[in-house]
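Below is one structure, written out as structure tokens; comments come after it.
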Amino acid sequence: MEGSDGEIQQVNTSTTTSEPQVVIEIEKSWVDSVKSRVNGSFVPKWRKERCSIFRVPDNLRTLHPEDYEPIVVSIGPYHHGKAHLEPMEKHKWRMVRRLLLRRPEEGVLEECLRKVKALEDQARSCYSEVIDMKSNEFVEMMVLDGCFIIGVLLLLKSATELQEAGVRFVKKEDSSFLDLSFKGGVLAFPVLHIYEHTMVHFRNLIAFEQCYFYTKDHITFYAAFMDFLIDTPTDVKVLQKEGILKIGISSEKEVAQFFNNLNREVYFNNNHSYLGDLIVDVNRYCDSKTHRWRAVLARDYFNNPWAVISVVAAFILLGLTLLQTFYTIYAYYHPPSS
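Residue numbers are given in UniProt numbering: position 162 of the sequence shown equals residue 162, and the series is strictly consecutive.
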């Protein structure tokens, strides 16, 4: 029989029951479509591990949606291509170029693209959503953003690198240890005494600044600056040699580890740092090739009196040789009249 909605129904009468049995016929194409959707709900083949990067749910964004939106730069695919973040993209490419200049060998960029391409499935699996980007576009974005992050981390150099770039460290007398200054290639530091109780004081002061909203986080920013400045025990020795660090604990290695771990899990905004202008000035000075060449010249040729004497003697000898050559050639083309 035919139902009221046009579906074909079959009615079977059973001898054991008084009510008829109704069999509903459904279209095979519909069943296949449902099966296809069910089968398609499996974890994609590129999903190799649990995702760890999520888009903030709408219910959490309701009150303060601006808190979850990047202001200056996008990292990753979720905010990629947004109009108000586009101006920063050209700076990302500049950062890539700056990093490549550190390794001028041919094929470095190609090798980076190849390495990230090999990790594409693993990278995509980190996101909770399917990223609707073509393979090359996704890999290019990952390389660009990754280089940008590395470049930002390298913006401030260690004490050893600053010294090689021509920056001199001097001790500043009778001043708060927070009172740093930079002028004419000279980075002036008040003396900082490092003892066991110094470490305890720093940790407690940073904890206070993290909890008290109305403080200016000067200790936190100072600790972050010292973390950038000190990477290895060699950096500690550089500052110790200039009398800036007075160490009362076991080793330079312990001091380096202390500053490297001091700001872990600590939140701070670099845009509000009282050392922001100083960092910009230091980086601008270090980017000058003239200052770097002058530092290399001073380190390699003027590091002791004998080296200075040798260089001066070499220049005098070179000058006399050129002068002798000039007079020899001049006498050849202009012989004295007899």
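Glycine included, every Cβ here is placed at the ideal spot set by N, Cα and C.
Which of helix, strand or coil DSSP assigns to A165 | coil
Name the two residues that bound the continuous alpha helix (DSSP H) containing K92.
-> 89–102
Under 9 Å, do I53 and S128 count as touching if we go by C-beta distance?
-> yes
Answer yes or no: do V72 and V143 have a C-beta to C-beta separation smaller than 9 Å?
-> no
Should the stretch 200–216 be regarded as contacting the stretch 173–190, the criterion being three or more beta carbon pairs within less than 8 Å?
-> no
Other residues of its chain near D145: CB distance less than 6 Å, five sequence neighbours each side excluded | I75
Taking C-beta to C-beta, are A223 and L262 nearer than 9 Å?
-> yes
Alpha helix (DSSP H) containing S33: first to last residue?
-> 28–39
In terms of alpha-carbon separation, which member of I329, N136, Y78, T234 lies closest to C112?
-> N136
My guess is that Q210 and Y267 are in contact by the Cβ rule of under 8 Å, so how many angstroms apart are they, rounded?
-> 7 Å
How many Å lie between K183 and E265 at the Cα?
-> 33 Å
If we count the other Cβ atoms within 10 Å of its Cβ and call it buried at 16 or more, is S176 buried or exposed?
-> exposed
Cut-off 6 Å between Cβ atoms - residues of its own chain near P87, not counting five sequence neighbours on either side | none
Of the choices C147, T62, L101, whose alpha-carbon is the least far from that of V116?
-> C147
If you compare alpha carbons, which of K134, D132, V139, V152 is closest to L99?
-> V152
When you compare only the Cα positions, how much space is there between I230 and A165?
-> 16 Å
Under the rule that 16 or more other beta-carbon atoms within 10 Å means buried, what is P65, buried or exposed?
-> exposed
Quick one: what does DSSP say S251 is sitting in, helix, strand or coil?
-> coil
Same chain, Cβ closer than 7 Å to G243, five either side skipped, listed in chain order = K171, V191
First and last residue of the uninterrupted beta strand (DSSP E) at A188 | 186–190
What residue does the alpha helix (DSSP H) around F225 start on, and which one ends it?
-> 218–229
V236 - DSSP class collapsed to helix/strand/coil = helix
Let me know if P77 comes out buried or exposed under the rule of 16 or more other beta-carbons within 10 Å of its beta-carbon.
-> buried
Contacts around V236, its chain only, beta-carbon distance under 7 Å, and the 5 residues preceding and following it disregarded = I230, L245, E252, V255, A256
Would you check if the distance between the CB atom of I219 and the CB atom of L178 is smaller than 9 Å?
-> yes
Grab me the residues of A248's own chain with a C-beta within less than 7 Å of its C-beta, minus the 5 sequence neighbours each way, in chain order.
-> Reading the sequence as shown, one finds Gly at residue 248 and not Ala. Excluding residues within five positions, the ones whose Cβ falls inside 7 Å are H193, I194, Y195.
Looking at the structure shown, is V56 part of a helix, part of a strand, or coil, going by DSSP?
-> coil
Using CA coordinates, which residue listed in P70, S33, L155 is at the minimum distance from Y285?
-> L155
Pull up the distance between the alpha-carbon of I150 and that of Y330, whole angstroms please.
-> 59 Å
Run the CB neighbour count on A118, radius 10 Å, all protein chains shown included, and call it buried at 16 or more, exposed below.
-> exposed
Cut-off 7 Å between Cβ atoms - residues of its own chain near K82, not counting five sequence neighbours on either side = S74
F169 vs L239 beta-carbon contact at 9 Å = yes
Could you pull out every residue in the same chain whose Cβ sits closer than 6 Å to the Cβ of G6, ignoring the five residues on either side in sequence?
-> With a pLDDT of only 43 at G6, under the threshold of 50, the placement of this residue in the model should not be trusted; the figure read from the coordinates follows. Result list for G6: empty, nothing under 6 Å.
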